[in-house]
Structures are given as structure tokens and as C-alpha cells.
Amino acid sequence: MIAVIGGGIVGSLIAREINKYEKDVYLFEAKNGIGMGVTKGNSGIVHGGYDDPPGTLRAELCYMGNRLYDELSKELSIEVLRVGSHVVAFNNEEVSIIDEIEENAINNNVKEYKILDKNEILEMEPLLNQNVLKSFYCPIAGVTEPWEVAMQAARSLEINGGKVFKEKKLVEVNRKNNKYELIFEDASSYLADLVVNACGLYADEVAKLFGDNLPFIFPVKGEYFLFGKDIKYTNSVIFPTPTPLTKGCLVVPTVDGGFLAGPNARGVKSKKDFSTTPEGLLEVKEKSLKLIPSLDFSKNIVKVFAGLRPETQKKDFYIDVGEHGNVIHVSGIRSPGLTAAPAIAKYVVEFLITEKMHIGLRKREDYISHVGKIPHLVETNLNYWEKVIEEDSEAGEMICFCNKVTKKEIKEAIKNGARTVDDIKFATRASFGECQGSFCTSKILKIISEETHISPQDIQQNEKGSWIIASEVRSI
Ligand SMILES: O=P(O)(O)OC[C@H](O)CO
Ligand code: FES
8 MIAVIGGGIV GSLIAREINK YEKDVYLFEA KNGIGMGVTK GNSGIVHGGY
58 DDPPGTLRAE LCYMGNRLYD ELSKELSIEV LRVGSHVVAF NNEEVSIIDE
108 IEENAINNNV KEYKILDKNE ILEMEPLLNQ NVLKSFYCPI AGVTEPWEVA
158 MQAARSLEIN GGKVFKEKKL VEVNRKNNKY ELIFEDASSY LADLVVNACG
208 LYADEVAKLF GDNLPFIFPV KGEYFLFGKD IKYTNSVIFP TPTPLTKGCL
258 VVPTVDGGFL AGPNARGVKS KKDFSTTPEG LLEVKEKSLK LIPSLDFSKN
308 IVKVFAGLRP ETQKKDFYID VGEHGNVIHV SGIRSPGLTA APAIAKYVVE
358 FLITEKMHIG LRKREDYISH VGKIPHLVET NLNYWEKVIE EDSEAGEMIC
408 FCNKVTKKEI KEAIKNGART VDDIKFATRA SFGECQGSFC TSKILKIISE
458 ETHISPQDIQ QNEKGSWIIA SEVRSI
């Protein structure tokens, strides 16, 4: 059995890639949902690959990952919108940074870009700060929903004979003959022939269980505002000019029509600190207003949230075999990790089959590459939706009015394993809308309870202990 530890976008895509060769692939995730760690708190950008330092693994894998998203989006039924991106300059110093980015793009072999002058960019982005002088425009940049990629990759693993385990926190590893005994917090254990450590923020700590010292990972927090769909601020992703620390606070259109403003970049002590702070949010607000002065922070804000970057001193990905063999550590996957993830998955398989590890893998002939998705009925055509309603009236029963999600879609997600409100939220977008579930959460609880016979008091928002109902209620 091949074990992949870490069910974020990187781990899930690695498991899927190995599964194309080997049926017995087990994906272990410590949280109770796939893609609910670093993957969830992410800008969701498929970067163009022009700005990573030439010669780094980031540069090698980012552009390749970007290109792989076309095929991946078809195979996994995920949305990738190639909205393009602009890095914008407002003064001479920033203009010279745009020149450096162009040089970098050339060194990274990225040809898909254009340097735009003031008029050209304002034509494309009329709400942009009118003081803009120049832009580095990259049409192949895009946006996606990172957790959806991870969830669909995990589903593809299950369809192809692999297994996905949640709430499995690895606590001990023993070398047994040529294998690894993996012992989890719940006292379960599995014997693996080969292990891939893709544990995001915790990859350095997990490596220690295998006796390996990896570059130290420290969390760098990014805070965000999520805007609703009422106002269209930009057509594409808008970056300021970068600093050595960060690509900066951006304005990003999301796949479902909203906008993100953020992230800032602040080092924090704890890998569990996902809190937003008044100072951090003020910083994001001020910086994003410099890009789009009409961003209205007084209304239309759906929520604020924070994500953590798994940062290392060298700021590059670290992918290598452990000292005792049969384990590959995939660590330091900071930005552009989401973009690079499909390429990282292929890189790891190359590692396995080439002279680096000499593991004999052969492509499976029974592999099913396409994974379907529960159709979001409001996005289908009306005739189709009417036909579905004729067959199943619950396809016409609206549960989440903000994001227009029907009872049928929620029941499908439960059939696919959803058990918490966040499972439903990330699978269907119900409770992800402007009212943030004020209206639909009680209905979702009721449906989960009816379908699974879990009492409403025992249904969690996400992690263990995040109950929604504290005591008995009359009825929901
Ligand atoms: O701030 P960076 O450079 O870590 O980039 C983070 C994201 O990719 C862009 O929001
Ligand atoms: S009704 Fe579901 S988020 Fe508002």
C-alpha cells in the first residue's frame, strides 16, 4: 500500500496521480474534511508562472501546473476561469519592477504576457486606480476553488479503488522490515510500503516521525475580505508590484462571481492561528483601496477570514526522499502551491519511477480519469432543470436562497459522504452566500439529520467540538 499523508490539494493530487499506476493508495487527512487546512485559506489563483525566481522548484512547477489545469478541470469537473492577471505600477520605481518581472518571465520561459500602457489597462479594468502607469498582463492566469480541486481529486481516488480516511492524525511511525507502520491518534495503524508526506504546515513535524529534519516551517498569515456578487469590481486578478516577502494585497474575482481583497502577510507564532485582526484587516483595506478606490467596505462584505502560508527560510518547495528511504517529503509548499499542485503530483511520480527511487510502476488500464460532480442546478439550462424536477420534486425545493442550492443537491452531497455543515458548504455552496447560512443552516441540519439519523445536536459545523445546537430544540 502507498500512503499519502495530508489531504490538501497537494496530497490529494499526488494520491490521484499515483493511483493512475497503483490501486492501493490510501489518503490520510487529520481534519474531518478534504482541503480544509492551508488549501481552504487561499486566494484561489492559478498563477502565470512569470514571477517565481528562475532556477527554483517553484518556477519549474508553477508554469507547468498552470498548463495542466486545462486537462485537470475537464477530468475533475472543476471550474478554472482564465480571467488573466495584471501586475500594476503607479510610479517609476514600480515601473522598473514591471521591467524586472518581464525579465523574470523570459527566464522562466513564460511567453504568455503583454506589457500594457495606461489606456490599454484602463480599457480592460475601468475601476482601477486612474494613476496606473503600466501593467504586466498575463492572460493565462486564472482562478479556481482550491478545496473543490482537492475534494474532486479525493473522489477520483475512491472511484479508482483507493481509500480516503479523515480524522487520521499521524502520531507515530515505526520501521518494520522494509515497510512503515503508521499509527494514528485514534490508535488505528496501517502498514505502508511507501509514504508521501504532504502535510502542509505540519510537513516538517511529520518528517521528524520518519527521522528526517526538513527546513523549518513557520506560518505566515494572510487576511482577506470576501465581497458578494452585487458589484463587479474587476474582470481579472489585480496585483500590486511584489516585494521580496509577498506578491501583495490583491483584488481577485472568485469563481462564483464574488471578489476577494487580500492577503496581507504577517508572521504568527501558532499554526492554529486563523484569527483575523482589526490591524490586519485595516492593512488589507488600505492596500486594496490603492488598487480599486471604489471598493465599498461599508456594504456587500460576506465575511472576513485568514489563511496560513507554510513558509520556509528559502521560500522554495522542498521535495525529496527521506534518509531511510521509502518516504518522500513534499514540504514548504507555499504560493504558488495551488498552481503547482498538478505538476508537483507528476514530479513525485517521476521521483518514484526514475533512478531516484526505482519503484516499478505501470500505468493502469482500468483507470477512470473522469470524475463527475453534483450539477449545480441553477447553472444548468432551464429545460434540463425542469426535467430533473419532474423526476424528483426536491430538485425544485430551494434550501439556500443566497446561493440557490436545492434539497436534491444537498442530499446528493450527503450520499457522497458529507456529514458536517462545512462538508455541505464546500460541496454545494449552500450556507456560503451573503447571509452566511443564517437562513439555511437550520434546514441543512434537518436534512443531514433525516438522511443520516445523526441527532441535530451531534452535527458539527466542521471540526470536532463545533456543535451548532447546544441542547434539545422543539423542531428544526
Ligand atoms: O503573498 P504571497 O506571495 O505568499 O502570495 C500569496 C498568493 O498566492 C497570492 O495571494
Ligand atoms: S440562504 Fe444560504 S447562505 Fe444565505
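The sequence shown: position 360 = 367 (the working numbering), numbered continuously. Cβ atoms here follow ideal geometry from the backbone N, Cα and C, with glycine treated the same way. No experiment lies behind these values; they were computed from the predicted model shown.
With a CB to CB cut of under 7 angstroms and the five nearest residues on each side skipped, what residues in its chain are close to residue i?
i	result
Lys186	Leu198, Ala199 and Asp200
Cys537	Any question about residue 537 goes unanswered here, given that the chain covers just 8 to 483.
Gln468	Thr427, Val428, Asp429 and Ile475
Return the first residue and the last residue of the beta strand (DSSP E) that residue i is part of.
i	result
Val90	No beta strand (DSSP E) holds Val90; DSSP gives it neither H nor E.
Tyr144	Lys141 to Cys145
Leu123	Lys121 to Asp124
Ile9	Ile9 to Ile12
Val32	Val32 to Phe35
Val171	Lys170 to Phe172
Val484	Here the chain comprises residues numbered 8 to 483, so residue 484 is not present and cannot be evaluated.
With a threshold of 8 angstroms between beta carbons, is residue i in contact with chain D?
i	result
Gln159	Although the question refers to chain D, the structure presented lacks it and comprises just one protein chain.
Using a Cβ-Cβ cutoff of less than 6 angstroms, which residues in the same chain neighbour residue i once the five nearest sequence positions on both sides are dropped?
i	result
Glu174	Asn39
Thr63	Asp323
Thr46	Gly15, Ile16, Pro153, Trp154 and Ala157
Val202	Ala10, Tyr187 and Val334
Ala425	Ile431 and Ala434
Gly274	Val227
Arg23	Ala160, Ser163 and Leu164
Span of the alpha helix (DSSP H) holding residue i?
i	result
Lys81	Leu64 to Leu83
Gly18	Ile16 to Asn26
Val156	Pro153 to Ile166
To which residues of the same chain is residue i closer than 8 angstroms at the C-beta, ignoring the five residues directly before and after it?
i	result
Lys81	His377
Leu288	Glu230, Phe232 and Val311
Val139	Val95, Ala96, Phe97, Lys125, Ile128 and Leu129
Thr448	Val428, Ser438 and Ile475
Ala272	Val227, Lys228, Gly229, Leu252, Thr253 and Arg316
Would you please state the rounded distance, in angstroms, between the beta carbons of residue i and residue j? I believe it to be under 8 angstroms.
i	j	result
Ile466	Ile455	5 angstroms
Ile224	Asp211	5 angstroms
Gly72	Ala347	4 angstroms
Ile52	Val259	6 angstroms
Leu20	Ala352	4 angstroms
task: Only counting runs of 4 or more residues, tell me where the alpha helix (DSSP H) segments fall wholly within the region 244-326, in order along the chain.
output: The region 244-326 contains these whole alpha helix (DSSP H) runs: 285-298.
- prompt: Is the region 15-26 in contact with the region 335-344, if contact means three or more CB pairs nearer than 8 angstroms?
  reply: Taking 8 angstroms as the limit for Cβ pairs, the verdict is that the region 335-344 does touch the region 15-26.
- request: Can you check the region 366-453 for any beta strand (DSSP E) of at least 3 residues that lies completely inside it and give the ranges in chain order?
  value: Uninterrupted beta strand (DSSP E) stretches at least 3 residues long and entirely within the region 366-453 occur at 405-407, given in chain order.
field: the region 357-364 contacting the region 320-336, beta-carbon criterion three pairs below 8 angstroms
entry: Yes, the region 357-364 touches the region 320-336.
- request: Tell me the start and end of each unbroken beta strand (DSSP E) in the region 321-365 that is at least 3 residues and wholly inside, in chain order.
  value: Within the region 321-365, complete beta strand (DSSP E) segments of at least 3 residues are found at 325-328 and 334-338, given in chain order.
message: For a minimum of 3 consecutive residues, which ranges assigned as the beta strand (DSSP E) are wholly contained in the region 183-247?
response: Positions of the beta strand (DSSP E) runs, each at least 3 residues long and wholly inside the region 183-247, are given as 186-191, 196-199, 201-204, 225-234 and 244-246 in order along the chain.
message: Quick check: the region 232-249 against the region 264-271, are at least 3 beta-carbon pairs closer than 8 angstroms?
response: They touch, by the three-pair rule.
field: Contact between the region 75-90 and the region 28-38 (3+ Cβ pairs under 8 angstroms)
entry: Cβ pair count under 8 angstroms is below three, so no.
message: Counting beta carbon pairs with one atom in the region 244-255 and one in the region 87-97, are three or more of them shorter than 8 angstroms?
response: Yes, they touch.
- prompt: Looking at C-beta atoms only, is the number of pairs between the region 361-376 and the region 272-282 that lie closer than 8 angstroms three or more?
  reply: No, because fewer than three Cβ pairs between the region 361-376 and the region 272-282 fall closer than 8 angstroms, the two stretches do not touch.
field: At least 3 beta-carbon pairs within less than 8 angstroms: the region 380-389 vs the region 289-296
entry: For the pair of segments examined, the region 380-389 was found not to touch the region 289-296: the number of CB pairs separated by less than 8 angstroms stays below three.
- prompt: If you pair each beta-carbon of the region 435-443 with each one of the region 403-414, do three or more pairs fall below 8 angstroms?
  reply: The region 435-443 makes contact with the region 403-414, as at least three CB pairs between them are under 8 angstroms.
query: Would the region 166-182 and the region 386-394 be scored as touching if the rule is three or more Cβ pairs under 8 angstroms?
result: Using a C-beta cut-off of 8 angstroms, the region 166-182 makes no contact with the region 386-394, since fewer than three inter-stretch Cβ pairs fall below that distance.
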